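Protein chains in written order, with the numbering used here: chain A, 5 to 119; chain B, 5 to 118.
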Amino acid sequence: DTGVSQDPRHKITKRGQNVTFRCDPISEHNRLYWYRQTLGQGPEFLTYFQNEAQLEKSRLLSDRFSAERPKGSFSTLEIQRTEQGDSAMYLCASSFPTGRSYGYTFGSGTRLTVV
Amino acid sequence: TQLLEQSPQFLSIQEGENLTVYCNSSSVFSSLQWYRQEPGEGPVLLVTVVTGGEVKKLKRLTFQFGDARKDSSLHITAAQPGDTGLYLCAGATPGKTSYDKVIFGPGTSLSVIP
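Okay, structure coming up:
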C-alpha cells in the first residue's frame, strides 16, 4: 500500500465552476477525514466518514460542499459554484478504527486556486 | 471553542543549535500528536503522546505531554537543515460519535540554516 492518494494535486478553476477531488485512503483504514488548510494556518476539520457513513460535518462545510464515500473505500469532495475564498489546500486523511486517536495518515493534498 | 496555540510562530536558527517549540491549550486532550509538513505536501505524523507527563524520543526530537494533558513541547537537539518545515501539534477530544475529533494548531515554521 502506497499510503493515502489524492487527485488532482493542483486545480485551477474559474469562479463559479464546480470542482471534484478524489481521495483513496489506506485500504485497512475505515475512517476517512477531509481537512482544509489555508496559508499560514493549521488544517481545519471539514468532515469524517466511518466506512460509507458521513458521521460528522463542520459548519465550515457550506451547502456548496458535498462529500461522499459510496462504497466505504475512496471518497470525493465536490465544491459547487466555487468562490475565491475556497482557494486552499484540501487534505484527506485516514486512520485505523480505534476510539482514541493515535494519529492520521495524510495524503499530499489538492491545491485549489479559484481565479 | 477549543483552541490550540503554538509558539513561536516562526523560528530561524543555525545548523547545530537546539530549539524548543510549544503547544498550549485550555482544553484537556485524550491524546496529542505532532506532525511535520513540508511545502506543498500533507502533514506527516511524528509522534502521539497519550499520558500526562509522558516523554517520547525520536532520534534528536524529544516530545513531552504536560501533566494536565493541556500542553506539549517539542525539543530538537543539534538541528539540521532536513528539520526545516512546519511543525503542527494536534489535540484529540471525544467527538460526536465514537471517534476522537482532532484539532490542529497554527504551526511553528522552522528554518534551519546550513
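Backbone N, C-alpha and C fix where the C-beta goes; we use that ideal spot for every residue, glycine too. Since the model is a prediction, treat every value here as computed from it, not as a measurement.
Measuring only between beta-carbons, confirm whether residue i sits less than 8 Å from chain B.
i                : result
Phe25 (chain A)  : no
Gly107 (chain A) : yes
Ser112 (chain A) : yes
Leu95 (chain A)  : yes
Who does residue i pair with in a DSSP beta bridge?
i                : result
Gln13 (chain B)  : The partner list for Gln13 (chain B) (beta bridge, DSSP) is empty, contrary to what the question assumes.
Gln37 (chain B)  : B:Thr52 and B:Ala94
Ile117 (chain B) : B:Gln18
Ser99 (chain A)  : A:Arg35
Asp11 (chain A)  : A:Arg26
Lys60 (chain B)  : B:Phe67
Check whether the Cβ of residue i lies closer than 8 Å to any Cβ atom in chain A.
i                : result
Gln68 (chain B)  : no
Glu21 (chain B)  : no
Lys60 (chain B)  : no
Glu45 (chain B)  : yes
Gly3 (chain B)   : Lying before the first or after the last residue shown, residue 3 (chain B) is absent from chain B, which here runs from 5 to 118.
Ser35 (chain B)  : yes
Leu15 (chain B)  : no
Val32 (chain B)  : no
Leu65 (chain B)  : no
Val25 (chain B)  : no
Ile117 (chain B) : no
Leu7 (chain B)   : no
Can you check which of these residues, the options, is closest to residue i by C-alpha distance?
i               : options                                : result
Lys61 (chain B) : B:Gly46, B:Glu45 and B:Leu78           : B:Leu78
Pro12 (chain A) : A:Leu59, A:Arg19, A:Cys27 and A:Arg40  : A:Cys27
Ala82 (chain B) : B:Gln13, B:Gln10, B:Pro118 and B:Val48 : B:Pro118
Gln84 (chain A) : A:Thr24, A:Lys15 and A:Gly46           : A:Thr24
Gly46 (chain A) : B:Asp75, B:Leu8, B:Glu21 and B:Thr97   : B:Leu8
Quick test of your reading: residue i and residue j, contact by CB under 8 Å. State the CB separation rounded to the nearest angstrom.
i                : j                : result
Asp121 (chain B) : Val116 (chain B) : Since the displayed chain B opens at 5 and closes at 118, residue 121 (chain B) lies outside it and no answer follows.
Asp71 (chain B)  : Gly89 (chain B)  : Not quite, the Cβ-Cβ distance comes to about 28 Å (not below 8 Å), so this is no contact.
Phe69 (chain B)  : Leu36 (chain B)  : 6 Å
Kindly say whether residue i, judged by its beta-carbon, lies nearer than 8 Å to any beta-carbon of chain E.
i               : result
Val53 (chain B) : The chain labelled as chain E is not found among the protein chains of the depicted structure, namely A and B.
Contact set between the stretch 35–56 of chain A and chain B, restricted to residues whose Cβ is under 9 Å from the partner:
Listed in sequence order: Arg35, Tyr37, Tyr39, Gln41, Gly44, Gln45, Gly46, Pro47, Glu48, Phe49, Tyr52 and Gln54.
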